[in-house]
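K.L.:
Numbering (full-length UniProt numbering), first residue to last: 1 to 287.
We put the CB at the ideal spot given by N, CA and C, even for glycine.
Predicted, not measured: the structure shown is a model, and the values here were computed from it.
Handing you this structure, nothing more for now.
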């Protein structure tokens, strides 16, 4: 456990960074999607490139091509769906749905070889989806179909990230420095798509600052920290800690005035977090 303590702490740093993902994304949602992704991933790549150059570690990037494909799909897929979801749904709604990824990890891990499934996994999943239902169907009008595209995008992003996090465990010998190259590919692809399908909008000073911070933290260091923690630390503990993120993210959105502290919002985020905690509780032998 002592050996895994340091990597686990590093992995938790990613969760701290991701608490800021929702307010950052909500701030730049008026910018074109691929422009946003190209700029933030470019910052992440440049940061990584500087690190690799200073430490002369570019040789670490010589890895099998399937690894590049998995990493690119995991990181770019998660971000493109997450950022896009904020354009079609309220920030608190998109963020909560995306935070189903820890619960999805829990459920899907139960189907892996040598893993156990129990009634608590079903209960955890039910609580999580009940929380989402309460938030999305709040008010007298019930479910608002105009936000459905955003909800679908947020859920796909959560699913992609859950699958990547599970897959990354089986490539624990791949260097963390690979993350920088994934970000470089993501910046290149986003730049091409932006130039082809979008019109450039020059960000204002505040948005430039947010884009820079996103590239350094939520789309930069967070990925490095999570990859290192998942591969070398206590994966189950990191999964457990991640269930507190929906509540922390909700509090940040409320404090910044990006979400109203309604009863439904508090209950919904709390149920998602509670579902995760229950799912990670030790199982009895008769489960």
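Which of helix, strand or coil does DSSP assign to residue 198?
P.N.:
Here residue 198 refers to the residue found at position 198 when the chain shown is read from its first residue. In this structure, residue 198 counts as coil in the three-state DSSP scheme.
K.L.:
Please list the segments of the alpha helix (DSSP H) lying wholly inside the UniProt domain "EamA" (11 to 136), counting only runs of 4 or more residues, in order along the chain.
P.N.:
Fully enclosed alpha helix (DSSP H) runs of 4 or longer: 21 to 27, 33 to 55, 65 to 85, 91 to 98, 101 to 109 and 119 to 136.
K.L.:
Can you tell me where the alpha helix (DSSP H) with residue 214 in it begins and where it stops?
P.N.:
Reading the chain shown from its first residue, position 214 is the one you call residue 214. Counting along the chain, the alpha helix (DSSP H) containing residue 214 begins and ends at 205 to 216.
K.L.:
State the DSSP-derived secondary structure class of residue 259, mapped to helix, strand or coil.
P.N.:
On the chain shown, position 259 is the one that residue 259 refers to. Looking at residue 259 - three-state DSSP - the assignment turns out to be coil, as it is neither helix nor strand.
K.L.:
Give the straight-line distance between the Cα atoms of residue 176 and residue 195, rounded to the nearest whole angstrom.
P.N.:
Here residue 176 corresponds to residue number 176 of the chain shown, with the count starting at 1. Here residue 195 corresponds to residue number 195 of the chain shown, with the count starting at 1. The straight-line gap from Cα to Cα measures roughly 30 Å.
K.L.:
Exposed or buried, residue 183, counting other C-beta atoms within 10 Å across all chains shown (16 or more means buried)?
P.N.:
Taking the first residue of the chain shown as position 1, residue 183 is located at position 183. Per the 10 Å Cβ criterion, buried.
K.L.:
Beta carbon of residue 81, beta carbon of residue 154: below 8 Å?
P.N.:
As a first step, residue 81 is located in the chain shown; it is residue number 81 there, counting from the start. As a first step, residue 154 is located in the chain shown; it is residue number 154 there, counting from the start. Their beta carbons are under 8 Å apart, which means residue 81 touches residue 154 by this criterion.
K.L.:
Determine the closest residue to residue 164 out of 206, 32, 137 and 230, with distance taken between C-alpha atoms.
P.N.:
Along the chain shown, one-based indexing puts residue 164 at 164. Minimum Cα distance to residue 164 is reached at 230.
K.L.:
What did DSSP end up calling residue 174 once you bin it into helix, strand or coil?
P.N.:
For the purposes of this step, residue 174 is taken as residue 174 along the chain shown, with counting starting at 1. Coil at residue 174, not helix or strand.
K.L.:
Please go through the same chain and pick out, in chain order, the residues whose beta-carbon is closer than 8 Å to the beta-carbon of residue 128, but skip the five residues on each side of it.
P.N.:
Within the chain shown, the letter at position 128 stands for residue 128. Cβ neighbours of residue 128 beyond the five flanking positions: 100, 103, 271, 272, 275 and 276.
K.L.:
Cβ atoms of residue 23 and residue 266: under 8 Å apart, would you say?
P.N.:
Looking up residue 266 in the chain shown gives position 266. Looking up residue 23 in the chain shown gives position 23. No; because the gap between Cβ atoms is not below 8 Å, this pair is not in contact.
K.L.:
In terms of residues, what are the limits of the alpha helix (DSSP H) holding residue 233?
P.N.:
The sequence position of residue 233 within the chain shown is 233, counting from 1. Careful: residue 233 lies outside any alpha helix (DSSP H) and carries neither H nor E.
K.L.:
Count the C-beta pairs between the segment 9 to 19 and the segment 224 to 240 that are closer than 8 Å, then say yes if the count reaches three, no if not.
P.N.:
Output reads yes: the segment 224 to 240 touches the segment 9 to 19.
K.L.:
Where does residue 201 land, buried or exposed, given buried means 16+ other C-beta within 10 angstroms?
P.N.:
Locating residue 201 in the chain shown gives position 201, counting from the first residue. Exposed, because fewer than 16 other Cβ atoms sit within 10 Å of the Cβ of residue 201.
K.L.:
Between residue 85 and residue 157, which are expected to be in contact by the criterion C-beta below 8 Å, what is the C-beta distance as a whole number of angstroms?
P.N.:
Counted from its first residue, the chain shown places residue 85 at position 85. Counted from its first residue, the chain shown places residue 157 at position 157. Rounded, the Cβ-Cβ distance is 6 Å, consistent with contact.
K.L.:
Tell me the rounded alpha-carbon separation between residue 237 and residue 133.
P.N.:
Numbered from its first residue, the chain shown carries residue 237 at position 237. Numbered from its first residue, the chain shown carries residue 133 at position 133. Cα to Cα, the separation comes out at about 27 Å.
K.L.:
Counting only the same chain and skipping the five closest in sequence on each side, list residues whose C-beta sits under 7 Å from that of residue 37.
P.N.:
Within the chain shown, the letter at position 37 stands for residue 37. Result list for residue 37: 79, 80, 83, 186 and 190, in chain order.
K.L.:
Can you find the residues in the same chain that come closer than 7 Å, C-beta to C-beta, to residue 258, ignoring five residues on each side of it along the sequence?
P.N.:
If you number the chain shown from 1, residue 258 lands on position 258. Once the five neighbours on either side are set aside, the close Cβ partners of residue 258 are 23, 26 and 91.
K.L.:
With residue 150 as the anchor, note down where its alpha helix (DSSP H) starts and where it stops.
P.N.:
By 1-based counting over the chain shown, the position of residue 150 is 150. Run containing residue 150: 148 to 168, per the alpha helix (DSSP H) assignment.
K.L.:
Under the three-state reduction of DSSP, which class applies to residue 144: helix, strand or coil?
P.N.:
For this step, residue 144 is matched to residue 144 along the chain shown. If DSSP states are grouped into helix, strand and coil, residue 144 belongs with coil.
K.L.:
Output needed for residue 212: all residues of its chain with C-beta closer than 8 Å, excluding positions within five of it in sequence on either side, in chain order.
P.N.:
Looking up residue 212 in the chain shown gives position 212. Result list for residue 212: 43, in chain order.
K.L.:
Alpha carbon to alpha carbon, how far is residue 140 from residue 254?
P.N.:
For the purposes of this step, residue 140 is taken as residue 140 along the chain shown, with counting starting at 1. For the purposes of this step, residue 254 is taken as residue 254 along the chain shown, with counting starting at 1. Reliability of the predicted coordinates at residue 140 is poor, the pLDDT of 45 falling under 50, and the value obtained from them is presented with this limitation in mind. C-alpha separation (whole angstroms): 22 Å.
K.L.:
Report the rounded CA-to-CA distance for residue 256 versus residue 250, giving the unit in angstroms.
P.N.:
Locating residue 256 in the chain shown gives position 256, counting from the first residue. Locating residue 250 in the chain shown gives position 250, counting from the first residue. One C-alpha to the other measures close to 10 Å.
K.L.:
Could you tell me the distance, in whole angstroms, from the CA atom of residue 216 to the CA atom of residue 6?
P.N.:
On the chain shown, residue 216 is found 216 positions in, with the first residue counted as 1. On the chain shown, residue 6 is found 6 positions in, with the first residue counted as 1. Rounded to whole angstroms, residue 216 to residue 6 spans 21 Å at the Cα level.
K.L.:
Whole-angstrom Cβ separation of residue 197 and residue 150, contact assumed at under 8 Å?
P.N.:
Walking along the chain shown from the start, residue 197 turns up at place 197. Walking along the chain shown from the start, residue 150 turns up at place 150. That belief does not hold up - the Cβ atoms of residue 197 and residue 150 are roughly 19 Å apart, past 8 Å.
K.L.:
Give every residue of the same chain whose Cβ lies closer than 7 Å to the Cβ of residue 248, excluding the five residues on either side of it in the sequence, and list them in chain order.
P.N.:
If you number the chain shown from 1, residue 248 lands on position 248. Taken in chain order, the residues that qualify are 19.
K.L.:
Please confirm whether any heavy atom of the ligand GTP lies closer than 7 Å to the CB of residue 34.
P.N.:
Looking at this structure, you won't find the ligand GTP or any other ligand, since it has none at all.
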